[in-house]
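Visitor:
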Amino acid sequence: MVRFDDVWLTYPAAGGRGGAAAPDVLREVSFEIPEGGFRWVIGPSGAGKTSLLKLIYLALLPSRGRIDLLGVSPAGLARRDLALLRRRIGVVYQDFRLLRHLSAFDNVALPMRLARRNEAQVAADVGEILRWVGLSEKAGSRPDELAGGEQQRIAIARAVVSRPKLLVADEPTGNLDEEQAARLMMLITALNRLGTTVLVATHNLALVGRYPAPRLELAAGRLVPAGRLVAHG
Amino acid sequence: MANFLPARRVDHLGLRAGLADLLLPVLVAAMSFLAALTLGGTMAAAMLAAAWQGDAGSALTIQVPAPEDAAAGGGTSRVEAVLAAVARAPDVADAQLLSGAEVDRLLAPWLGADVSQLGLAVPAVISASWTGAGDPGGLASALALRAPGTLVSTGASWAARVSALARSLQACAAAVLLVVAAVAAAVVAVATRAGLAQRREAIEIVHGLGALDADIADRFAARSLSLAAAGAAAGALLALPALFWLASLAAPFAGPAPGAGGGLPASLWMALPALPLAAAGIGWSTAQVTVRGWLRRLA
Numbered sequence: 001m002v003r004f005d006d007v008w009l010t011y012p013a014a015g016g017r018g019g020a021a022a023p024d025v026l027r028e029v030s031f032e033i034p035e036g037g038f039r040w041v042i043g044p045s046g047a048g049k050t051s052l053l054k055l056i057y058l059a060l061l062p063s064r065g066r067i068d069l070l071g072v073s074p075a076g077l078a079r080r081d082l083a084l085l086r087r088r089i090g091v092v093y094q095d096f097r098l099l100r101h102l103s104a105f106d107n108v109a110l111p112m113r114l115a116r117r118n119e120a121q122v123a124a125d126v127g128e129i130l131r132w133v134g135l136s137e138k139a140g141s142r143p144d145e146l147a148g149g150e151q152q153r154i155a156i157a158r159a160v161v162s163r164p165k166l167l168v169a170d171e172p173t174g175n176l177d178e179e180q181a182a183r184l185m186m187l188i189t190a191l192n193r194l195g196t197t198v199l200v201a202t203h204n205l206a207l208v209g210r211y212p213a214p215r216l217e218l219a220a221g222r223l224v225p226a227g228r229l230v231a232h233g
Numbered sequence: 001m002a003n004f005l006p007a008r009r010v011d012h013l014g015l016r017a018g019l020a021d022l023l024l025p026v027l028v029a030a031m032s033f034l035a036a037l038t039l040g041g042t043m044a045a046a047m048l049a050a051a052w053q054g055d056a057g058s059a060l061t062i063q064v065p066a067p068e069d070a071a072a073g074g075g076t077s078r079v080e081a082v083l084a085a086v087a088r089a090p091d092v093a094d095a096q097l098l099s100g101a102e103v104d105r106l107l108a109p110w111l112g113a114d115v116s117q118l119g120l121a122v123p124a125v126i127s128a129s130w131t132g133a134g135d136p137g138g139l140a141s142a143l144a145l146r147a148p149g150t151l152v153s154t155g156a157s158w159a160a161r162v163s164a165l166a167r168s169l170q171a172c173a174a175a176v177l178l179v180v181a182a183v184a185a186a187v188v189a190v191a192t193r194a195g196l197a198q199r200r201e202a203i204e205i206v207h208g209l210g211a212l213d214a215d216i217a218d219r220f221a222a223r224s225l226s227l228a229a230a231g232a233a234a235g236a237l238l239a240l241p242a243l244f245w246l247a248s249l250a251a252p253f254a255g256p257a258p259g260a261g262g263g264l265p266a267s268l269w270m271a272l273p274a275l276p277l278a279a280a281g282i283g284w285s286t287a288q289v290t291v292r293g294w295l296r297r298l299a
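Sequence order for the protein chains is A and B. Under this note's numbering, the first residue of the first sequence is numbered 1, with each subsequent residue one higher. Under this note's numbering, the first residue of the second sequence is numbered 1, with each subsequent residue one higher.
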């Protein structure tokens, strides 16, 4: 379950403008996604989609308001507990964020190894997920040796290999062709059917149309009534 | 499936590469070299001081003026009476009357080679060892009864000065070792910060995937530990030739030469291996503090 209650987000002032506070990136954001729910997050560039996702995958903490993730309020959690909560959240980043010095296999295995899973299970699960994303043959390749779409699939494999309770994806199909995007959405919807709560931010309204689900629509940092952006987009 | 490694060998943060890491062992080696020389110097000073203190502290010199005159109570000469009393004293050993030639040799630096030609009233000199615990004042009083004017002196005051000098040298050496340790810690902190800056993106990714602060800090600390220990071991080894050379210079003043250890004291042979251990401890703890402090900037 994900719940936002009157959440505001302001980035710290960068020192310019005589220390004046930066504008609010998110304002009065309130919503609730039940366990196992699916939400699209849509809105124009700069609307606050990525900031909203950063709050959910705990890269940021809100300036005001309350967030509950998987039954836990991150505010006031010890750093160790925040890290353990992060392990229950899978993230597909817009810019992939793969470790360049590691092979595709080791990149995908990272969340399992951080969770101290045994190597036999790591090998089995990573092998399976690499087969699923069609990159078994590239297990030993480093990210620089992979095409953009392949890197995206590795990033997706890393996000789902631990079967997270919550999956957050920021433009996950941005570098994929139609067929790969369809495969990715099959994977995501399959995870969702197994009980994983999913949020996917995208500009791709055609994709949203093909996989109908409730939407969180953002404009200038605020949630707007569902349907407005699609209607005007 | 090829080209992947067991978890313990996976270099998640890419720590096995990086120029900043190469600088660390070199600088720690220099610190260790200085520390080894300091340890060698302080131990040599302590040994020489102990040897000199032992000799000087136990040396007893008795001067008997007008040695051939009759002793108080008559019967024998003053010097014979004093010698007899010294031989009976319980805390005196190895009493020996110096010959005229030996006394002349002692006085030669002040009075020249032909002391006997000067017609001076030179006292007789008895050298002995004082084995008593306290001051030989009681002995001096007893001797003065037989030969008034007899002087009894020990090297205690000179030994006290040597002891104070040795303690001062040891305090200076301790201060130098503290400075060396502080500089080594600063070097590790700077190298760790450079490593953090260089690997910022990788750290943020691993942090975002749920790595504990300890996961990240332990990897940096383990790397710092091994680099610092290797650097310190190299520095200590490089210091050995200099230490052997210093030991050979000090050997004539240090009493009987030790059988093993190439002239270096056993305590130094035990202290040298402690340098890599100390460097490892400094490397590990400094990296832990530096990385954990840096990670607190992240959410």
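We put the beta carbon where it would ideally sit given N, CA and C, even for glycine.
Leaving out five residues before and five after residue 188(B) in sequence, what residues of the same chain have Cβ atoms less than 8 Å from its Cβ?
Guide: Within the second sequence, residue 188(B) is the residue found at index 188, counting from 1. 24, 28, 224, 228, 282, 283, 286, 287, 290.
Visitor: Please list the residues of the region 44–76 of chain A that have a C-beta atom closer than 8 Å to any C-beta atom in chain B, keeping them in chain order.
Guide: Hits within the stretch, in order: 57, 58, 59, 60, 61.
Visitor: Any C-beta of chain A sitting closer than 8 Å to the C-beta of residue 287(B)?
Guide: As a working mapping, residue 287(B) is identified with position 287 in the second sequence. With 8 Å as the cut-off, residue 287(B) does not count as an interface residue toward chain A.
Visitor: Near residue 215(A), which residues of its chain fall below 6 Å by C-beta distance, leaving aside the five closest residues on each side in sequence?
Guide: Against the first sequence, residue 215(A) aligns to sequence position 215. Here the set comprises 40, 42, 226.
Visitor: Would you call residue 103(A) buried or exposed, if buried means 16 or more other Cβ atoms sit within 10 Å of its Cβ?
Guide: Counting from 1 along the first sequence, the entry for residue 103(A) is found at position 103. It is buried - the Cβ of residue 103(A) has at least 16 other Cβ atoms within 10 Å.
Visitor: Hey, quick one: how far does the alpha helix (DSSP H) through residue 293(B) stretch, first residue to last?
Guide: Numbered from its first residue, the second sequence carries residue 293(B) at position 293. Taken as a continuous stretch (DSSP letters only), the alpha helix (DSSP H) holding residue 293(B) covers 274–295.
Visitor: Candidates 213(A), 59(A), 100(A): which alpha carbon is nearest residue 202(B)'s?
Guide: The count along the second sequence starts at 1 and reaches residue 202(B) at position 202. Of 213(A), 59(A), 100(A), the residue nearest in Cα terms is 100(A).
Visitor: Is the Cβ-Cβ distance between residue 153(A) and residue 135(A) less than 8 Å?
Guide: Your numbering for residue 153(A) matches position 153 in the first sequence. Your numbering for residue 135(A) matches position 135 in the first sequence. Yes, these two residues count as a Cβ contact at 8 Å.
Visitor: Using a beta-carbon distance cut-off of less than 9 Å, what residues from the region 202–213 of chain B approach chain A?
Guide: Correct list: 202, 204, 205, 206, 207, 208, 209, 210, 211, 212, 213.
Visitor: What does a CB cutoff of less than 7 Å around residue 111(A) pick up in its chain, not counting 5 residues either side in sequence?
Guide: Indexing the first sequence from 1 puts residue 111(A) at position 111. 87, 158, 161, 162.
Visitor: Would residue 176(B) and residue 123(B) be called neighbours here (beta carbons separated by less than 8 Å)?
Guide: Looking up residue 176(B) in the second sequence gives position 176. Looking up residue 123(B) in the second sequence gives position 123. No, the Cβ-Cβ distance between residue 176(B) and residue 123(B) is not below 8 Å.
Visitor: Roughly how many angstroms lie between the CA atoms of residue 212(A) and residue 69(A), to the nearest whole one?
Guide: Translated into the one-based positions of the first sequence, residue 212(A) becomes position 212. Translated into the one-based positions of the first sequence, residue 69(A) becomes position 69. Answer to the nearest angstrom: the Cα atoms are 24 Å apart.
Visitor: Can you give me, in chain order, the residues of the region 174–195 of chain A that have a beta carbon less than 9 Å from any beta carbon in chain B?
Guide: Answer in chain order: no residues at all.
Visitor: Classify residue 200(A) as helix, strand or coil using the three-state DSSP reduction.
Guide: Counted from its first residue, the first sequence places residue 200(A) at position 200. Strand.
Visitor: Tell me the start and end of each unbroken beta strand (DSSP E) in the region 106–162 of chain B that is at least 3 residues and wholly inside, in chain order.
Guide: 124–130, 151–154, all fully within the region 106–162 of chain B.
Visitor: Residue 150(A) and residue 138(A) look like a contact to me (Cβ under 8 Å); what is the Cβ gap, rounded to whole Å?
Guide: The count along the first sequence starts at 1 and reaches residue 150(A) at position 150. The count along the first sequence starts at 1 and reaches residue 138(A) at position 138. Right, the Cβ-Cβ distance comes to about 6 Å (below 8 Å), so this counts as a contact.
Visitor: Give every residue of the same chain whose Cβ lies closer than 6 Å to the Cβ of residue 189(A), excluding the five residues on either side of it in the sequence, and list them in chain order.
Guide: Within the first sequence, the letter at position 189 stands for residue 189(A). Hits under 6 Å: none found.
Visitor: Can you tell me the Cα-Cα spacing of residue 209(A) and residue 203(A), whole angstroms?
Guide: Counted from its first residue, the first sequence places residue 209(A) at position 209. Counted from its first residue, the first sequence places residue 203(A) at position 203. About 12 Å.
Visitor: From the DSSP output, in three-state form, read off residue 9(A) for me.
Guide: Walking along the first sequence from the start, residue 9(A) turns up at place 9. Strand, per DSSP.
Visitor: Would you list the one or two residues that DSSP bridges to residue 41(A)?
Guide: Here residue 41(A) is taken as the residue at index 41 of the first sequence, counted from 1. Beta-bridge pairing links residue 41(A) to 201(A), 216(A).
Visitor: DSSP beta-bridge partners for residue 167(A)?
Guide: The sequence position of residue 167(A) within the first sequence is 167, counting from 1. For residue 167(A), which the question treats as bridged, DSSP gives the partners 90(A), 198(A).
Visitor: Could you check what DSSP says for residue 27(B) in three-state terms: helix, strand or coil?
Guide: Translated into positions along the second sequence, residue 27(B) becomes position 27. It is helical.
Visitor: Based on the DSSP secondary-structure assignment, which residues constitute the bridge partners of residue 32(A)?
Guide: Stepping through the first sequence from its first residue, residue 32(A) is reached at position 32. In the DSSP output, where bridge partners are listed per residue, residue 32(A) has 3(A).
Visitor: Can you name, in chain order, every residue of its own chain whose Cβ lies under 6 Å from the Cβ of residue 292(B), other than the five neighbours on each side?
Guide: Counted from its first residue, the second sequence places residue 292(B) at position 292. Excluding positions up to five away in sequence, the list reads 213, 217.
Visitor: Just reading off the beta strand (DSSP E) that residue 307(B) is part of, what are its end residues?
Guide: Shown here, chain B extends from 1 to 299; a query on residue 307(B) therefore has no answer.
Visitor: So for residue 117(A), helix, strand or coil by DSSP?
Guide: Against the first sequence, residue 117(A) aligns to sequence position 117. Of the three classes helix, strand and coil, the one that applies to residue 117(A) here is coil, per DSSP.
Visitor: What number of angstroms, rounded off, separates the C-alpha of residue 259(B) from the C-alpha of residue 109(B)?
Guide: By 1-based counting over the second sequence, the position of residue 259(B) is 259. By 1-based counting over the second sequence, the position of residue 109(B) is 109. Model confidence at residue 259(B) stands at a pLDDT of 49, short of 50, so the residue's coordinates are unreliable and nothing is read from them.
Visitor: Please check the pair residue 168(A) and residue 53(A), which I expect to be a contact at CB under 8 Å, by giving their CB distance rounded to whole angstroms.
Guide: Here residue 168(A) refers to the residue found at position 168 when the first sequence is read from its first residue. Here residue 53(A) refers to the residue found at position 53 when the first sequence is read from its first residue. 5 Å between Cβ atoms; contact.
Visitor: Between residue 91(A) and chain B, is the shortest Cβ-Cβ distance under 8 Å, so that the two count as touching?
Guide: Numbered from its first residue, the first sequence carries residue 91(A) at position 91. Answer yes: the Cβ-Cβ gap between residue 91(A) and chain B drops below 8 Å somewhere.
Visitor: So, does the CB of residue 299(B) fall closer than 8 Å to a CB anywhere in chain A?
Guide: Indexing the second sequence from 1 puts residue 299(B) at position 299. Yes, because at least one Cβ of chain A sits closer than 8 Å to the Cβ of residue 299(B).
Visitor: Does the separation of the CB atoms of residue 155(A) and residue 98(A) fall below 8 Å?
Guide: In the first sequence, residue 155(A) corresponds to position 155, counting from 1. In the first sequence, residue 98(A) corresponds to position 98, counting from 1. Taking 8 Å as the Cβ cut-off, residue 155(A) and residue 98(A) qualify as a contacting pair.
Visitor: Along the chain, where does the alpha helix (DSSP H) that runs through residue 335(B) open and close?
Guide: Nothing about residue 335(B) can be read from this structure; chain B reaches only from 1 to 299.
Visitor: Need the endpoints of the alpha helix (DSSP H) that residue 149(A) sits in, please.
Guide: Working through the first sequence from its first residue, we reach residue 149(A) at position 149. Here the alpha helix (DSSP H) through residue 149(A) covers 148–160.
Visitor: Is the beta carbon of residue 239(B) less than 8 Å from the beta carbon of residue 37(B)?
Guide: Residue numbering aside, residue 239(B) sits at position 239 when the second sequence is read from its first letter. Residue numbering aside, residue 37(B) sits at position 37 when the second sequence is read from its first letter. Yes.
Visitor: Name the residues in the region 215–242 of chain B whose C-beta lies less than 7 Å from a C-beta of chain A; which are they?
Guide: For the region 215–242 of chain B, which is checked against every Cβ of chain A, the residues closer than 7 Å are 215.
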